[in-house]
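Participant: In mature numbering (1 follows the signal peptide of the UniProt record, and there is no 0), the protein residues as written are -16 to -1, 1 to 444.
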């Protein structure tokens, strides 16, 4: 009753009347992000009306809202905006140094050359683009301070970037698209020091009007990795809320408040020769057209007996069925109990694609290849063809690999035999023996692979 009475006063005079659920969620939000102390069941300590009002006013200051101390509609709406997972108010025992606007955690790296690596990648951007954006985000901080960063493949890198989903063992669970976007841990000696986690369920983009801009979020999170906390300054990249794209990374410069903060920790820039920005990413990403799953619409059951395809892609395992897929992270955690639609995550797939038969990550360029078509089984000198997912082979199976796959006309020819008219000869001829079709050594395995891919129908 006391809490309800206090809450009633907190919202008195607000434009509109927030319901009880909004008020309860607002209290939880204020506690989660450090504006209110957590409940103490041992002392049964109650929140005071003045304490609640001050907490709301402090939150409104960080958000750039009018400081009324009232949980009005504008304040509650701000609480629902995408943002960083870390609290805005750091406990006084940890945050030893405060400034008028920017804030530092009191923890700094004792060295000035820091290594970094990306441990897992988003689906919506290529590995190369992701690494370029991460490098550019770090350059934004080193450009203004006495810090330098270099990429490494070592597991003990100082700064480690991962794209994770849901609960992932660090006390800051992600909540799917929107909501919390990422978080990073301050410098230190613990296992989490320097770790930066991004929500894998976000639609990560670069310099696009829609989606979540990876460069902007990475600059913010690396501020935490280097020792900065959230700032209430108007243009600071360290404001807790997502502010949208910041433009091309080559042109980006930290706002004055953030420059002042990073230089307070690591000093002014000492110019090093030959430092240059990484090249601009050229990939354009088509953002998802809507939610990956809509409750109430029919979708396949993940617990049923079979899947159309299962593939390991960028350290994660994907299970495909019909037009949907599930994703299991390297931590063996299912990203979501609900499936995601193929067309909402995989760029370039036909919108009416009913299923995929094979998916793999190509080793030479890390591109992801989808195949939908017939299935072939090979044994010895013969092969069987199954059309469009049928469980029975074609009536005239098995076929001869020599005659029907390699298109060699006769057995034991005295001279190399030309491919049948109309076939793509790819600049070569076949020399075959009965039951053992083979290409000249100079053609090698690539010819067989090329022919297989060519004959698979529906290759994307």
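Just so it is clear, CB atoms sit at the ideal spot from N, CA and C, and this is done for glycine as well.
In the DSSP assignment, what are the bridge partners of residue 325?
Facilitator: Note: residue 325 sits in a beta bridge opposite 308.
Participant: So, for residue 201: in the same chain, excluding its five sequence neighbours on each side, which residues have a beta-carbon less than 6 Å away from its beta-carbon?
Facilitator: Around residue 201: 165, 166.
Participant: What span of residues does the alpha helix (DSSP H) with residue 177 cover, start to end?
Facilitator: First-last for residue 177: undefined, no H or E at that position.
Participant: Closer than 7 Å by C-beta to residue 128: which residues in its own chain qualify, once you throw out the five before and the five after it? Chain order, please.
Facilitator: Hits under 7 Å: 238, 243, 246, 247, 253.
Participant: Residues in its own chain within less than 8 Å of residue 460 by CB, not counting five upstream and five downstream?
Facilitator: A query on residue 460 cannot be resolved here, the shown segment of the chain reaching from -16 to 444 and no further.
Participant: Rounded to a whole number of angstroms, what is the C-alpha to C-alpha distance between residue 67 and residue 169?
Facilitator: Approximately 16 Å between the Cα atoms of the pair.
Participant: Just verifying my parser: in three-state terms, what is the DSSP assignment at residue 188?
Facilitator: Residue state, collapsed to three classes: strand.
Participant: Quick one: is residue 353 buried, meaning 16 or more other Cβ sit within 10 Å of its Cβ, or exposed?
Facilitator: Residue 353 comes out exposed.
Participant: Alpha carbon to alpha carbon, how far is residue 49 from residue 99?
Facilitator: For residue 49 and residue 99, the distance between alpha carbons rounds to 39 Å.
Participant: Tell me where the beta strand (DSSP E) around residue 377 begins and ends.
Facilitator: Where residue 377 is concerned, there is no enclosing beta strand (DSSP E), given that its DSSP letter is neither H nor E.
Participant: Could you tell me which of 199, 223, 210 sits nearest to residue 232, measuring between CA atoms?
Facilitator: When each option's Cα is compared against that of residue 232, the closest is 199.
Participant: Using DSSP bridges, identify the partner residues of residue 383.
Facilitator: Per DSSP, 367.
Participant: Can you name, in chain order, every residue of its own chain whose Cβ lies under 7 Å from the Cβ of residue 186, other than the five neighbours on each side?
Facilitator: Same-chain partners within the cutoff: 161, 165, 196.
Participant: Under 6 Å Cβ to Cβ from residue 37, same chain only, skipping five residues before and after it: list those, please.
Facilitator: Hits under 6 Å: 53.
Participant: Measure from the alpha carbon of residue 235 to the alpha carbon of each residue in 317, 345, 73, 117, then state which is nearest.
Facilitator: Comparing Cα-Cα distances from residue 235 to each of 317, 345, 73, 117, the minimum goes to 117.
Participant: Residues in its own chain within less than 7 Å of residue 141 by CB, not counting five upstream and five downstream?
Facilitator: Here the set comprises 99, 100, 101.
Participant: Can you round the beta-carbon distance between residue 18 and residue 60 to whole angstroms, since I take them to be within the 8 Å contact cut?
Facilitator: Not quite, the Cβ-Cβ distance comes to about 18 Å (not below 8 Å), so this is no contact.
Participant: First and last residue of the alpha helix (DSSP H) that includes residue 97?
Facilitator: From DSSP, residue 97 is part of no alpha helix (DSSP H) but of the beta strand (DSSP E) over 97 to 102.
Participant: Exposed or buried, residue 361, counting other C-beta atoms within 10 Å across all chains shown (16 or more means buried)?
Facilitator: Burial call: exposed.
Participant: Apart from the five residues on each side of it in sequence, which residues of its chain come closer than 6 Å, Cβ to Cβ, to residue 345?
Facilitator: Closer than 6 Å at Cβ, skipping near neighbours: 297, 352.
Participant: With DSSP run on the structure shown, which of helix, strand or coil describes residue 47?
Facilitator: Helix, per DSSP.
Participant: In angstroms with no decimal places, state the Cα-to-Cα distance between residue 206 and residue 300.
Facilitator: About 25 Å.
Participant: Grab the span of the beta strand (DSSP E) containing residue 230 for me, first residue to last.
Facilitator: From DSSP, residue 230 is part of no beta strand (DSSP E); its letter is neither H nor E.
Participant: Would you kindly report the start and end of the unbroken beta strand (DSSP E) that includes residue 166?
Facilitator: Unbroken beta strand (DSSP E) run through residue 166: 164 to 168.
Participant: Please name the residue or residues paired with residue 293 in a DSSP beta bridge.
Facilitator: Looking at the DSSP assignment, residue 293 forms a beta bridge with 304.
Participant: Measure the Cβ-Cβ separation of residue 230 and residue 121 and say whether it is below 8 Å.
Facilitator: Their beta carbons are not under 8 Å apart, which means residue 230 does not touch residue 121 by this criterion.
Participant: Around the C-beta of residue 153, are 16 or more other C-beta atoms found within 10 angstroms, so that it is buried, or is it exposed?
Facilitator: Exposed: under 16 other Cβ atoms inside 10 Å.
Participant: For the alpha helix (DSSP H) containing residue 250, list its first residue and its last residue.
Facilitator: Looking at the DSSP string, the run of the alpha helix (DSSP H) that includes residue 250 is 240 to 250.
Participant: How would you call residue 191, buried or exposed, if buried means at least 16 neighbouring beta carbons within 10 angstroms?
Facilitator: Burial call: buried.
Participant: Residues in its own chain within less than 6 Å of residue 329 by CB, not counting five upstream and five downstream?
Facilitator: Here the set comprises 107.
Participant: Is the beta carbon of residue 91 sitting closer than 8 Å to the one on residue 178?
Facilitator: Contact: no.
Participant: Residue 124 to residue 135, Cα distance in whole Å?
Facilitator: About 15 Å.
Participant: Flag this pair as yes or no: are the beta carbons of residue 365 and residue 381 separated by less than 8 Å?
Facilitator: Not in contact: residue 365 and residue 381 (Cβ atoms no closer than 8 Å).
Participant: Rounded to the nearest angstrom, what separates residue 32 and residue 42 at their Cα positions?
Facilitator: So the two alpha carbons sit approximately 15 Å from each other.
Participant: Among the candidates 150, 6, 371, whose CA atom is the shortest distance from the CA of residue 318?
Facilitator: Answer by Cα proximity: 150.
Participant: For residue 134, which residues does DSSP report across the bridge?
Facilitator: DSSP, once it has assigned bridges, lists 99 as partnering residue 134.
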